[in-house]
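Residue numbers (numbering that gives the first Met the number 0), protein chains in the order written: chain D, 0 to 123; chain P, 0 to 236. Ideal Cβ placement from N, Cα and C applies to all residues, glycine included. No experiment lies behind these values; they were computed from the predicted model shown. Notes to accompany the following structure.
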Amino acid sequence: MAASDPGSDPVYVIDELLLKSGQLEDFLSALEAHYRPGAEARGQRLVQTMVTPPTETEGVAQSVILIWVLDGVAGFWTMRSQNATEEVAAWWVECESFIQSRTRRLAAAPGAIAGFEALGRLNG
Amino acid sequence: MSVRVVGQVTLREGETPESSQGVADRLGAVGLELTGALASHAGVHFDLSVGGGDLTWDLLLDGEEALAELCRRLAGTGPEGMLGVLGGRLAELASQVASVELAVPETLDTGLGSPGLVGVKRTLWLRVLPEAEAGQVARFEAETPLLAEAVPAIRNWRWSRVRALSPRPMALRWTHLWEQEFDSVDGLQVDYMSSPCHWGYIDRWFDLEMPDRVVDLWLAHLACPEQAPVLSWDSRH
């Protein structure tokens, strides 16, 4: 259900990181130590951590999916006004040692999208 | 065929809002003294602007020969000495102007939904990273006009690569210009910034944390009120 103020509907940041073999524990430790505290200070809260496929079978590459939430459009821009730092850049360089590749996408609940679109058409 | 030139003008320290407006008014007027100038406009940036100079100066020249003449006159000068070299009443502004950075936009795509609009002009100067992969840059160039589809408050727009004034009297750090005209600043500050096409899709080309990023973090986000329909000029000449 959409919030009464459509701009305040949650905005999700979805990271998917394809790990190098055997890097899951080290990656998660580094994430907690070097990235999550700063991200949460910028208003980007981690709400879900998942591993796919859910197996430790040798030879099967694992991906970590991280779902973060921001407080609406204002929360997005608050985060963006603070994330262009050397510290954040250093994290993503460090991250390269754990991963083969990654994606980051923005997302919202289906019911929130029309409200977000309307905000971009207020003066249209 | 007319040629556009777009500039960032940085004023000397100590200029007040009133004197800045005076420089903009005079620059807009005396820019017409340049050989082959068809139109000239300068606007003082709103406080929301970041990363660039104090004024945006737009020129429309009567073809490549007029541009070549301007380049000849500027040859060997840098942004700091430009107005002095141009002479005449432009040189009289040199005491108030610290530097002028000029670029020639080469339009990739444009939309003029409200030709003749005199509103608010926003110019985003950006630099695509030299190491960016060509396919990604092509995608970035193709996707940027989607913003004009998503944000109807963008009445007119031009999306361009930019080049320095040949034979390169000054280095140009920018590679692209994303220019828009709005009825008012609300179109920029509210609609443009709120559109999910902006923050949820296109912004990834600019975000340090995105693996897709191709744009340097130093942007010049500049907006000014207009006294002329700058983005419609060359449809009238």
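Close beta carbons around residue i, own chain, < 6 Å, minus the five adjacent residues each side
i, result
"P:Leu125", "His175, Val214 and Leu218"
"D:Ser100", "Leu17"
"P:Trp158", "Leu107, Asp108, Thr143, Pro144 and Trp177"
"P:Gly52", "Gln7, Val8 and Thr9"
Any C-beta of chain P under 8 Å from that of residue i
i, result
"D:Leu105", "yes"
"D:Ile112", "yes"
"D:Ala88", "yes"
"D:Phe75", "yes"
"D:Leu121", "yes"
Nearest-angstrom beta carbon gap, residue j and residue i [assumed within contact, 8 Å]
i, j, result
"P:Ala74", "P:Gly83", "Not quite, the Cβ-Cβ distance comes to about 14 Å (not below 8 Å), so this is no contact."
"D:Leu118", "D:Val12", "Wrong, their Cβ atoms sit about 19 Å apart, outside the cutoff."
"P:Gln95", "P:Ser39", "Contact flag wrong, Cβ pair sits at about 17 Å."
"D:Ala108", "D:Asp8", "7 Å"
"P:Ala102", "P:Val22", "That pair is no contact at about 20 Å."
"D:Arg103", "P:Glu208", "6 Å"
"P:Pro228", "P:Val117", "5 Å"
"P:Leu59", "P:Trp232", "5 Å"
Close beta carbons around residue i, own chain, < 8 Å, minus the five adjacent residues each side
i, result
"D:Arg41", "Thr77, Met78, Gln81 and Asn82"
"P:Ala65", "Val2, Leu33, Thr34, Gly35 and Ala36"
"P:Ala222", "His44, Phe45, Leu47, Ser48, Val119, Lys120, Arg121, Thr122, Val184 and Leu187"
Below-8 Å beta-carbon distance, residue i vs any chain D residue
i, result
"P:Ala149", "yes"
"P:Asp215", "no"
Cβ-based burial, residue i [other Cβ within 10 Å; buried from 16]
i, result
"P:Ala152", "buried"
"D:Gln61", "buried"
"D:Pro36", "exposed"
"P:Val49", "exposed"
"P:Glu12", "exposed"
"D:Ala89", "exposed"
"D:Gln43", "buried"
Cβ shell of residue i (< 7 Å), same chain only, five flanking positions each side left out
i, result
"D:Glu86", "Gly37"
"P:Asp61", "Ser1, Gly35 and Leu37"
Bridge partners - residue i, DSSP secondary structure assignment
i, result
"P:Lys120", "P:Glu180 and P:Cys223"
"D:Glu15", "D:Ile64 and D:Thr102"
"P:Pro104", "P:Val161"
"P:Trp56", "P:Gly6 and P:Ala41"
"P:Trp156", "P:Gly110 and P:Gln179"
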